[in-house]
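Worksheet: one structure, shown below.
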Amino acid sequence: MKRIVMTVGLALMFAGAIMAQEQGSGKKKVWTLKECVEYAIENNLEIKRMEQSYASGEVQLDNAKKQYLPSLSASVYQGFDFGRGLTSNNTYANRNTSNTNVGVNAQLTLFEYGRAAQKKSAEFNLNAALADLENAKDNVGIAVARAYLQVLYAKEMVGVDEKQLELSELQLTQKESLLQQGKAAESDVYQAKSRVASDKMTLVKAKNDYELALLDLSQSLELPSPEGMEVEIPTIDVMQLQATSPEQIYTEALLCRDDIKAAQYREQAAEQSIVSAKAGHIPTLSASAGVNTNYYSVKGMDNPSFGDQVSDNLSKSVSLNLQIPIFSRFSVSNRVKSAKIEKISSTIAIDQAKKSLYKEIQQAFYNAESARAQYEASIVAQEAAKESLDMQTKKFSAGRITQTEYNEAVNAWSKSESDMVQAKYQFAFAVKILDFYRGAEMQ
């Protein structure tokens, strides 16, 4: 499957081999992105439908190729006559007769303008169907990668919220200890408990978001349920965006994008359809040959034997047939006009596909640029928020700041962690989307 390795690596860059996990006995099935994409492609109903369209195109091409073969047919006729009939003596008499006729005929078209065009048109249409199929597989890969990315993000956010809850519980324990020592007010303990309760709610929401992300991924895979499903956490290499431009990426994309290829194949098929339609104005020449014999018997008379009659009545024929179209009620002219209109439409479709592709690449490029800037800024913000939290934690433990001030520091750190995680995945995915448009394969 074309570019499957690249499609599999759309969201992230993975290091290491694929983990083999056993399912059953209460163990969860750990899915890699490669497994997710392959499973989705294998079970996606739209891809299955398009595979049938491709199979239909194969049949049409095979039919066009075999039009060059001669046709061969056999016929057998058996007739019975009853009652009065004319005899050889030119009189009428009551009699029963039977007549058996056997023949074999073959026909071969020697010249038919446009037959080669029909074959080429079928070939181009088949190539277009294959390109559509590959493009559909790539699109499924992108959708699965996006859903997989969302699961990773949601899972990492659960970890961030768990750390925040642990920190809040630690502070609650310290405040309760200080209260027993008479070094803290009871209101501080209540505020700490409120903070713990709030963080627990946040963690519950994060876990729910993770379960919903898993559900979305399982639906992308056509799984009946996300029950027992887990995703592998890969090693992430957040690369710097390569120094390039939308124009350069667009130039490379034109050479590898399957949707562009499909439109170009259909334009070529439309050109051949024009040639095929014009064939209605051109004479066709065919040859035919046949062998026939018959057996005739009259009841009550001495009839020659079946073998003798078959041998004596054997006839052979060879003929040439030239068909010259003169007037077809303008049906041929209208077919030519329709084929030309289809050609123009296919050319417009290519232009539309190219313009749409360029717009998509421009958006993806500037999204990647923006994602890189956001990720770099989020790293700085996260480091600053972590240092601030460490300082405020020490002050809070020493009773030098209020619970509200400490909560503000925790909130700032939590938001910076969330922003960094989100920016990291957005940037990694944006870069891989550009690689997808360029047709790059990730080894």
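In case it helps, the numbering used here puts the sequence shown at residues 1013 to 1455.
Idealized CB from N, CA, C, for every residue including glycine.
Extent of the continuous beta strand (DSSP E) run through residue i
{"i": "E1242", "result": "1241–1243"}
{"i": "D1093", "result": "1083–1093"}
{"i": "A1299", "result": "1296–1310"}
{"i": "Q1335", "result": "1327–1335"}
{"i": "K1460", "result": "With the chain running from 1013 to 1455 in the structure shown, residue 1460 is simply not present."}
{"i": "K1041", "result": "1041–1043"}
Reduced DSSP secondary structure (H/G/I, E/B, other) of residue i
{"i": "N1075", "result": "helix"}
{"i": "T1405", "result": "helix"}
{"i": "N1056", "result": "coil"}
{"i": "F1339", "result": "coil"}
{"i": "L1235", "result": "coil"}
{"i": "R1412", "result": "coil"}
{"i": "P1316", "result": "coil"}
{"i": "T1263", "result": "helix"}
{"i": "S1323", "result": "helix"}
{"i": "P1258", "result": "helix"}
{"i": "G1451", "result": "coil"}
{"i": "L1022", "result": "Residue confidence is low: L1022 scores 39 on pLDDT, short of 50, so the model does not pin down where it sits. No coordinate-derived value is stated."}
is_contact[residue i, chain B] using C-beta, thresh 9 Å
{"i": "L1191", "result": "Of the protein chains in the structure, only one exists, and it is not chain B."}
Rounded straight-line distance, which links the Cα of residue j to that of residue i
{"i": "T1185", "j": "A1410", "result": "14 Å"}
{"i": "A1029", "j": "L1182", "result": "Caution applies to A1029, whose pLDDT of 34 falls short of 50 and renders its modelled position unreliable; the model cannot decide the point."}
{"i": "K1078", "j": "P1295", "result": "21 Å"}
{"i": "Y1089", "j": "V1114", "result": "6 Å"}
{"i": "S1037", "j": "V1243", "result": "Because the pLDDT at S1037 is just 42, under 50, the model does not fix this residue reliably, and the value given afterwards should be weighed accordingly. For S1037 and V1243, the distance between alpha carbons rounds to 18 Å."}
{"i": "P1236", "j": "T1405", "result": "47 Å"}
{"i": "V1330", "j": "V1116", "result": "12 Å"}
{"i": "L1177", "j": "R1384", "result": "30 Å"}
{"i": "S1327", "j": "N1304", "result": "5 Å"}
{"i": "S1083", "j": "G1302", "result": "12 Å"}
{"i": "E1264", "j": "D1447", "result": "10 Å"}
{"i": "E1054", "j": "T1044", "result": "15 Å"}
{"i": "R1450", "j": "A1376", "result": "12 Å"}
{"i": "K1060", "j": "Y1051", "result": "13 Å"}
For residue i: DSSP bridge partner residues
{"i": "T1109", "result": "D1093, V1310"}
{"i": "F1123", "result": "L1297"}
{"i": "G1115", "result": "S1087, N1304"}
Range of the contiguous alpha helix (DSSP H) that encloses residue i
{"i": "Y1277", "result": "1270–1290"}
Query raised in the report: Touch check for the region 1119–1138 and the region 1069–1076: three-plus C-beta pairs under 8 Å?
Result: yes
Report task. Would you check if there are 3 or more beta carbon pairs closer than 8 Å linking the region 1143–1153 to the region 1117–1124? Result -> no
Query raised in the report: Contact between the region 1318–1326 and the region 1354–1361: three or more CB pairs below 8 Å?
Result: no
Query raised in the report: For the 8 Å Cβ check, are there 3 or more pairs between the region 1440–1449 and the region 1216–1228?
Result: no
Query raised in the report: Counting Cβ pairs closer than 8 Å, one from the region 1187–1195 and one from the region 1167–1177, do we hit at least three?
Result: no
Query raised in the report: Taking contact to mean at least 3 C-beta pairs separated by less than 8 Å, is the region 1282–1290 in contact with the region 1338–1351?
Result: yes
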